[in-house]
Structure formats: C-alpha cells, structure tokens
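Asker: Here's a structure for you.
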Amino acid sequence: MTYPRMPPVSESWPLPPSNAIGLDLKGRKAWEVLLSAEREALAALKAKVKYQDKLVAVRLVAWFLKDFWEHQRSTAYKRLLLKIFSCEGVVEKVFQLGLVLRNHLIRVFYAPTPTPSEDASRPSYDQHTQNILMSIPNVNALENEGRTRTEARADTVLRDGHKCVITGLYDKTSIVNFPKIAAKAKTERASMEGTQVAYLFSGTVTYAASILAILQMFGLDSVADKLLGKRVNNLCNVMTMITSLHDDFEQFIFWLEAVPGEEHTYNLVTRYPDIELFFGQLSQPPRQVKFSVDPEVRNNAGMKLPDSELIAVRAACARVAAMSGVADHIRLLMQDRDNVETLTDSDTSIHLLDSLLFLALPLEA
60 MTYPRMPPVS ESWPLPPSNA IGLDLKGRKA WEVLLSAERE ALAALKAKVK YQDKLVAVRL
120 VAWFLKDFWE HQRSTAYKRL LLKIFSCEGV VEKVFQLGLV LRNHLIRVFY APTPTPSEDA
180 SRPSYDQHTQ NILMSIPNVN ALENEGRTRT EARADTVLRD GHKCVITGLY DKTSIVNFPK
240 IAAKAKTERA SMEGTQVAYL FSGTVTYAAS ILAILQMFGL DSVADKLLGK RVNNLCNVMT
300 MITSLHDDFE QFIFWLEAVP GEEHTYNLVT RYPDIELFFG QLSQPPRQVK FSVDPEVRNN
360 AGMKLPDSEL IAVRAACARV AAMSGVADHI RLLMQDRDNV ETLTDSDTSI HLLDSLLFLA
420 LPLEA
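Numbering follows the working numbering, with no gaps: position 89 of the sequence shown is 148.
Structure follows, in structure tokens:
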C-alpha cells in the first residue's frame, strides 16, 4: 500500500487492514494492536461525543507509524514500535500514547505566538538594515543565545526581501515605513499585504519539553539544540508569510515538502483538492517555492534560511495530523474553547472541559 492521498478538510481515513498497510512483520503486528484499539474507540463512541479524543489518538499513532516507514525514518519507526508494544495490547495505554502525542503537537505547532510590537522609531531603511546585520553575527557566535520575537520579525522580513516566501507579495509595513521598498514594489508592479512571522516550531518557549519530545521521536535529539530558549526565534525556524495564509499554515491546511535533489526548494501541499481555489486571491497560484536570501544581505553569514530538517519534521506532522483527523480535532477544540460561552449543549461543554483539562491548556486563549 502506498501512502494514501490527503483527506479533504473535516475528513480523516480509517485504518486499513494490516495485510494492506505495506509494513514489515513487526509493523504489521503493531498495526493489529492499533486496529484493536480503533475498534474499541469506535464501539465506545456516542452520538453526542463531539471531539472523539480516543479515536483520533489511536489513528494518530498509526499514521505516524506508516509515515515513518514510508519516509524511511528507521530510528523513529523503531522507537514508535517499542512504544506501541510497551502498551502490551492494553487499548487504554494505546489511547494514552496517542493523546500524549496529540498534546505535543498542539503545544509545538498550535501554541499562540504573540505578535511582536513594531518599533515606534523609524530609522532609515539603510540604518534599519545595518542595525539587524550588526546584531545577527553576535547571536551565531554565542550558541547559548537567541533572538526576541521582535528581532525575529525584523530579521525574517529583511532576509526574505520584505516579501511573503509563499506568494511573493510585499510586506505592507515595509512599504509604509521604507520609501525604498515602496519604490521597488512599484517598479515590479507588485501587490502588498500584511505579513506575520510563521514558525516551523512554536515560538512559545514554555513548551520546550514538547519540542524536545517531538524531535526525539524523530531521532533528532541534537536538532533540539537549535530551538532551546530564545533560539526558537532564530532564522532557521521562521519565515515571512502573508496573514491570510499564516493561520492555514499553523493549522496544517498546507505545508511544504522538499523537492528531491533541489536545495531549499519545496512543493506546496494542501488539503484542498484544488490548489487554484485555495490560492484564489492570486493570479498565478504557487505550486513550488525556492527559499533564498535577499541579494542585498546575501553576503552576511548570519542570514540563514529555514532549516530543511525542521521543515521535513513539520511536513510529517502535518501529513499525519491530516490523515488521522487530529488537525480537524484540534481546530474544533480551539474554536470551541474560544467560544465556550456559546455552547448550548451541556454534554458538549463537559467533553470540551475534559479534553482541555487533559491538554493542560487554559480555557481562554
């Protein structure tokens, strides 16, 4: 069995039988454990259960196992097999394993990142650029340091040429603040839109333990060093993205997958079957992006591009979150959490509180 196509938004795929999944012998044995847990989760579903925590939990574990096998992540595959077999066929332990993974995904990829404030003073474009370039080499020299969120915003926009890396639209704030950028956009007859810093891994440093847990699962323990503390704001983990796409990126509606043999080049993968419809505001919807440092600052050694390994890990998590239904499950939890006062059904409110308590997330965002 090849990796199935991505389900559209609000849908997920049930687990196929073990003889159709295409895993090795140990993988098929583990799959039988997961099928048993899925059957019990389905049998326990009630008509009013809105969030289906246990069902999406077991499917999350299963599709991670399949994804690790398909993408030849042998260390991650073996580690997850050990965790599944350690459940000893007890379905509640399988559910717990999946729910812990779900919690890590929420904390790493869905944790809200405060919008950095803009600098009240407005230096000239040349002075602004020079200020950034002078500060970045010091950060690279001191491995135990990192950037603030405000610095991350300035660094990222400068590296990306004051443009969204996905659409090529100019950053509106840059055009307003810097006549040089406004003139450049006018010469190119380019459009502009508000942008935000898009994080590959959450910019919320309080969830460092979850970041470490995800990377350890992938066998990338050493990569976690890049994201400890304020290093989560360093250039390897961030990119400029227009606001209208930022939420979709955070919620795994679309993601980036590396083009084999082409450095810093990625295909755009979206859960919408029609990519033209998804990027409907653009005359030429992008299907592929190539990251590069803006020519004006390319000679500065501190101008690092987004890390390809971090992009690959995020892509794997996005695929699995889509396949298992976890992406939609999380989005529903977050929506209801933010609108809890509008929930009229008492059972739904109780189930929401149960889910949020297990997540250890606050009731209000």
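Using N, Cα and C, we set each Cβ at its ideal position, and we do this for glycine too. Quantities reported herein were computed from a predicted structural model and do not represent experimental measurements.
1. Measuring straight from C-alpha to C-alpha, what distance separates Y325 and K349?
2. What separation, rounded to the nearest whole angstrom, lies between the Cα atoms of K88 and L104?
3. Which class does T226 belong to by DSSP, given the choice of helix, strand or coil?
4. Using 8 Å as the cut-off, can you tell me whether the stretch 245 to 262 makes contact with the stretch 133 to 151, which would need three or more C-beta pairs spanning the two stretches below that distance?
5. Would L101 be called buried (16 or more neighbouring beta carbons within 10 Å of its own) or exposed?
6. How far does the beta strand (DSSP E) with V328 in it reach, from first residue to last?
7. Which residue comes first and which comes last in the alpha helix (DSSP H) that contains Q310?
8. Check whether the stretch 227 to 239 and the stretch 310 to 324 are in contact - that is, three or more C-beta pairs closer than 8 Å.
9. Helix, strand or coil for Q443 per DSSP?
10. Whose C-beta lies closer than 7 Å to the C-beta of H130 among residues of the same chain, with five residues either side of it excluded?
11. Tell me which same chain residues have a C-beta within less than 8 Å of the C-beta of R346, skipping the five on either side of it?
12. Given this structure, state the Cα-to-Cα distance separating L341 from A242, to the nearest angstrom.
13. For the alpha helix (DSSP H) holding I270, just list the boundary residues, first then last.
14. Going along the chain, which residues of its own chain have a beta-carbon closer than 8 Å to the beta-carbon of K285, five neighbours each way excluded?
15. Note down the Cα distance separating Y136 from A244, rounded to an integer number of angstroms.
16. Is it right to say G288 is buried, meaning 16 or more other beta carbons lie within 10 angstroms of its own, or is it exposed?
17. When you compare only the Cα positions, how much space is there between S71 and L392?
18. With a threshold of 16 other CB atoms inside 10 Å of the CB of R132, please say whether the residue is buried or exposed.
19. Cα separation between R357 and E247?
Answerer: Concretely, from the data shown:
1. In this structure, the alpha-carbon of Y325 lies about 6 Å from that of K349.
2. If I take the Cα positions, the gap works out to 25 Å.
3. Looking at T226 - three-state DSSP - the assignment turns out to be coil, as it is neither helix nor strand.
4. no
5. exposed
6. Annotation: the continuous beta strand (DSSP E) that includes V328 extends over T324 to T329.
7. In the DSSP assignment, Q310 falls outside any alpha helix (DSSP H) and carries neither an H nor an E.
8. no
9. This structure does not reach residue 443, given that the chain is present from 60 up to 424, and the question cannot be answered.
10. Only A375 meet the Cβ criterion.
11. N326, L327 and I334
12. 22 Å
13. For I270, the enclosing alpha helix (DSSP H) stretches over residues A267 to M276.
14. N293, C295, N296, D366 and L369
15. 47 Å
16. exposed
17. 16 Å
18. buried
19. 20 Å
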